[in-house]
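Working notes, structure below.
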Amino acid sequence: MSIEVNPLTIHLGAEISGVEISKPLSDKNTRDIWDALLKWKVIVFRNQKMTHGEQVAFARAFGDLTIGHAVFGHVDGYPEVYSVAKDRWDTRYKPAPQNIRPWTGFHADITAAINPPAVSILRGDVIPPYGGDTLWANLAVAYESLSEPMQKFAETLRGIHKFQPPTGTDATDEYKEMQDRRRLTTEHAIVRVHPETKEKVLYVSPSFLKEIVGLSPRESEQILEIFWEHAVRPEFTFRFKWNTNDLVMWDNRSVVHCAPRDIYESDFDRQLYRVTLLGDTPVGVDGRESISIQGAPIVPISAQAAE
Ligand SMILES: [Fe+2]
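Numbered continuously in the numbering used here, the sequence shown closes out at residue 307.
See below:
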């Protein structure tokens with residue numbers, strides 16, 4: 001049986017139907033799902049009840065997995081599964097003077113690592129009746145729609161990505177301890193070439209990217225704001241309203257995502273579970289790879305288990 005791919009916006013997001021992903025996938029379905037992911041960058045599967053083990057098995061069809069989260073660990077008994085719980089925020093951050101901007105909270109997962117996860121696979125378990133959506137923005141179309149002089153300029157730049165508390169917050173002691181155990185800082189090209197599609201991607205993960213190498217602090221701040229403001233234009237974004245048992249898979253190499261904070265203004269609970277595929281080291285338009293400044297690469301879960 002073939003899968004059906006129904007696009008959800010012009011630039012990104014498609015719903016996949018005609019396949020039960022808790023069961024082993026045929027080779028054809030595996031290939032077709034991967035092709036849809038590369039093309040639409042965010043793919044959603046509705047109403048697919050799965051256990052942690054089934055989510056892990058589904059993810060394994062597409063490549064090596066990482067530990068649940070390189071900094072924050074994993075669910076007991078499931079080293080590949082990271083719990084995205086509503087209350088995880090309270091244990092990590094304490095409120096600080098707010099400086100929230102339209103792109104605050106957008107990120108690609110763990111771009112502070114030299115090899116950020118290639119793909120993230122997130123499953124909805126407890127979902128509020130309303131609120132708590134997730135947004136994604138397409139960084140390939142963001143690059144493509146810059147003016148030509150700006151594209152050329154961006155291609156010459158490199159950025160420093162660091163694990164730090166989000167803008168407008170300060171870290172709790174517990175978060176600081178976790179972060180101290182696994183410090184991550186990496187220099188990535190501002191325009192990376194997607195390893196499979198060869199698209200140029202404006203690789204500007206707002207939560208992690210702190211500065212542009214070689215520019216003055218003020219130049220860096222202003223240039224980054226131009227890129228960020230551009231990357232999250234509504235035309236380049238896709239917003240998803242979750243239902244229980246939905247699963248979303250996205251290409252972390254070409255999109256950023258954001259969980260709006262509205263859920264924290266309600267008493268509703270939300271519980272998601274994430275599994276990530278191992279990523280490679282990004283490469284710029286000039287062929288230069290990223291450079292690790294602090295921290296070891298993320299390793300496949302099999303190597304980690306053997307440590
Ligand atoms: Fe994330």
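All C-beta atoms, glycine included, are put in the ideal place defined by N, C-alpha and C.
Length of the line joining the Cα atoms of residue i and residue j
| i | j | result |
| --- | --- | --- |
| Gly73 | Leu277 | 15 Å |
| Lys162 | Ser147 | 28 Å |
| Glu177 | Arg183 | 10 Å |
| Val75 | Val84 | 10 Å |
| Ser302 | Ser22 | 22 Å |
| Ile67 | Pro260 | 25 Å |
| Thr245 | Val126 | Looking at the sequence shown, residue 245 is not Thr but Asn. Computed Cα separation, rounded: 8 Å. |
| Phe238 | Ala118 | 19 Å |
| Ala113 | Gln164 | 12 Å |
| Glu221 | Asp109 | 22 Å |
| Lys210 | Ile160 | 6 Å |
| Ile3 | Pro79 | 30 Å |
| Asn252 | Glu235 | 19 Å |
| Glu54 | Phe240 | 23 Å |
| Glu174 | Phe268 | 25 Å |
| Gly295 | Gly279 | 16 Å |
| Arg88 | Val213 | 32 Å |
| Gly77 | Glu219 | 47 Å |
| Arg31 | Ile16 | 13 Å |
| Phe62 | Arg101 | 35 Å |
| Lys198 | Ser266 | 42 Å |
Neighbourhood of residue i by C-beta, 7 Å cutoff - its chain only, sequence neighbours within 5 removed
| i | result |
| --- | --- |
| Glu196 | Leu38 |
| Leu12 | Trp40, Lys41, Val42, Trp136, Asn138, Phe238, Val255 |
| Leu272 | Val84, Leu122, Arg123, Gly124, Asp125 |
| Asn29 | Ile3, Val19 |
| His69 | Tyr82 |
Where the alpha helix (DSSP H) through residue i begins and ends
| i | result |
| --- | --- |
| Arg31 | 27-40 |
| Trp228 | 217-231 |
| Pro149 | 148-155 |
| Glu80 | First-last for Glu80: undefined, no H or E at that position. |
| Arg60 | 52-60 |
Cutoff 8 Å; reference residue i; Cβ partners in own chain excluding five residues on either side
| i | result |
| --- | --- |
| Val191 | Tyr143, Gln151, Ala154, Glu155, Leu157, Lys200, Val201, Leu202, Tyr203, Gly284, Val285 |
| Asn243 | Arg46, Asn47, Gly124, Ile127 |
| His107 | Ser205, Pro206, Ser207, Phe208, Val256, His257, Cys258 |
| Leu65 | Val56, Ala59, Glu80, Val275, Thr276, Leu277, Leu278, Pro300, Ile301 |
Delimiting residues of the beta strand (DSSP E) encompassing residue i
| i | result |
| --- | --- |
| Leu139 | Segment 139-144 is the alpha helix (DSSP H) holding Leu139; no beta strand (DSSP E) there. |
| Ile212 | 209-212 |
| Lys162 | 158-162 |
| Arg101 | Counting along the chain, Arg101 falls outside any beta strand (DSSP E), and DSSP gives it neither H nor E. |
| Pro7 | 4-7 |
| His188 | 185-189 |
| Leu65 | Careful: Leu65 lies outside any beta strand (DSSP E) and carries neither H nor E. |
| Ala118 | Careful: Ala118 lies outside any beta strand (DSSP E) and carries neither H nor E. |
| Lys200 | 200-202 |
| Gln294 | 291-294 |
| Glu15 | 14-17 |
Cβ-based neighbour list, residue i, same chain, cut-off 6 Å, excluding 5 preceding and 5 following
| i | result |
| --- | --- |
| Trp103 | Pro206, Trp228, Val232 |
| Ile121 | Ala59, Met249, Val275 |
| Gly132 | Ile263, Arg270 |
| Pro282 | His188, Arg192, Ser290 |
Distance cut-off 7 Å: residue i Cβ against heavy atoms of ligand 3
| i | result |
| --- | --- |
| Ser220 | For the structure depicted, ligand 3 is absent and the ligand set comprises only ligand 1. |
### Query
What residues sit near ligand 1, counting only those whose C-beta is closer than 7 Å to one of its heavy atoms, in chain order?
His107, Asp109, Ser120, His257
### Message
Quick check on the DSSP output: what are the complete beta strand (DSSP E) runs of length 3 or more inside the stretch 236-277, in order along the chain?
### Response
237-240, 247-251, 255-258, 271-277
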